[in-house]
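Colleague: Per the working numbering, the sequence shown runs over residues 36 to 202.
From the three backbone atoms N, C-alpha and C, an ideal C-beta is built for every residue, glycine too.
Pasting in a structure now, in structure tokens, and then I'll have a few things to ask.
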Amino acid sequence: MAVPQTKDQLLTAIQVSFEKLRHALMTIPADLAAEKNLSGHAKNTQMSVKDLVAYLTGWNELVLKWLVKDAAGEPVDFPETGFKWNELGKLAQKFYADYDALSYDTLLSRLQFAKEEIIQQISQRTDDELYGTLWYTKWTMGRMIQFNTSSPYTNAYGRLRKWQKAA
């Protein structure tokens, strides 16, 4: 799929990639989802499918935080307070821990809810707000959203398919 350049393209990219991912995640039983047998987001680590969903949920909720702060005219601390872009492995570990107490089904619901909230936030913005000006360094708001929603959904789907074929 081409890189979105408009609000409609961004919404489509998010919806299409999320539905493929959601369908794959729904086929995985909770007990199997808890096994740490996927390559983790930090070097030399292992994660579970549940951790992968925690990672996606963490990023989706982080995108929502950015959008809410931006709408309120507050500065956005990219990527997250206390983390630099070269520490994303540590941020992934934080997401795994943050959501560890949730059941797999609850985590799937939370990811679905966060994605729907992002869709609402995008829908309230114009193409110019999303793609007309730079938001973070050289990236527009739309591109930053895409980097942290549809792209990771596609990546996660690929990881799951590879994992399922190997099993």
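With three or more beta-carbon pairs closer than 8 Å as the criterion, would you say the stretch 101 to 116 touches the stretch 65 to 78?
Modeller: No: the two stretches stay apart, fewer than three of their Cβ pairs being nearer than 8 Å.
Colleague: Buried or exposed, going by whether 16 or more other CB atoms sit within 10 Å of the CB of Val206?
Modeller: An answer regarding residue 206 cannot be provided, because it is not within the stretch 36 to 202 covered by the chain.
Colleague: With a cut-off of 8 Å, do at least 3 Cβ pairs link the stretch 38 to 54 to the stretch 179 to 191?
Modeller: Yes, the stretch 38 to 54 touches the stretch 179 to 191.
Colleague: Does the stretch 187 to 197 come into contact with the stretch 52 to 59, if we say contact requires no fewer than three beta-carbon pairs (one atom in each stretch) closer than 8 Å?
Modeller: Yes, the stretch 187 to 197 touches the stretch 52 to 59.
Colleague: For Ser144 and Leu137, what's the separation of their Cα atoms in angstroms?
Modeller: Each residue's Cα considered, the two are about 10 Å apart.
Colleague: Would you check if the stretch 85 to 102 and the stretch 119 to 131 touch, i.e. whether three or more CB-CB distances between them fall below 8 Å?
Modeller: Because the criterion of three Cβ pairs below 8 Å is met, the stretch 119 to 131 and the stretch 85 to 102 touch.
Colleague: Using 8 Å for Cβ pairs, my map puts Leu123 next to Tyr134. What's the rounded Cβ distance?
Modeller: Actually they do not touch by this definition, with Cβ atoms about 17 Å apart.
Colleague: If you compare alpha carbons, which of Trp101, Gly117, Leu146 and Val84 is closest to Lys197?
Modeller: When each option's Cα is compared against that of Lys197, the closest is Val84.
Colleague: Return the first residue and the last residue of the alpha helix (DSSP H) that Gln128 is part of.
Modeller: Note, Gln128: alpha helix (DSSP H), Leu123 to Asp133.
Colleague: State the CB to CB distance for the pair Thr208 and Leu169, rounded to an integer number of angstroms; the pair is presumed to be in contact (CB under 8 Å).
Modeller: Here the chain covers residues 36 to 202 and nothing more, so residue 208 does not appear.
Colleague: With a threshold of 6 Å on Cβ separation, who are the neighbours of Asp86 within its own chain once the five nearest residues in sequence on each side are excluded?
Modeller: If we look at Asp86 and ignore the five residues flanking it on each side, its Cβ neighbours are Tyr131.
Colleague: Is Leu99 helix, strand or coil when you go by DSSP?
Modeller: If DSSP states are grouped into helix, strand and coil, Leu99 belongs with the helices.
Colleague: Tell me which residue opens and which closes the alpha helix (DSSP H) that Asn72 is part of.
Modeller: Premise fails: Asn72 lies in the beta strand (DSSP E), Lys71 to Ser74, not in any alpha helix (DSSP H).
Colleague: Measure the CB-CB distance between Gly177 and Pro64 and report whether it falls below 8 Å.
Modeller: Result no, Cβ atoms of Gly177 and Pro64 do not sit closer than 8 Å.
Colleague: Give me, in chain order, the residues of the same chain whose beta-carbon lies closer than 6 Å to that of Ala201; leave out the 5 immediate sequence neighbours on both sides.
Modeller: If we look at Ala201 and ignore the five residues flanking it on each side, it has no Cβ neighbours.
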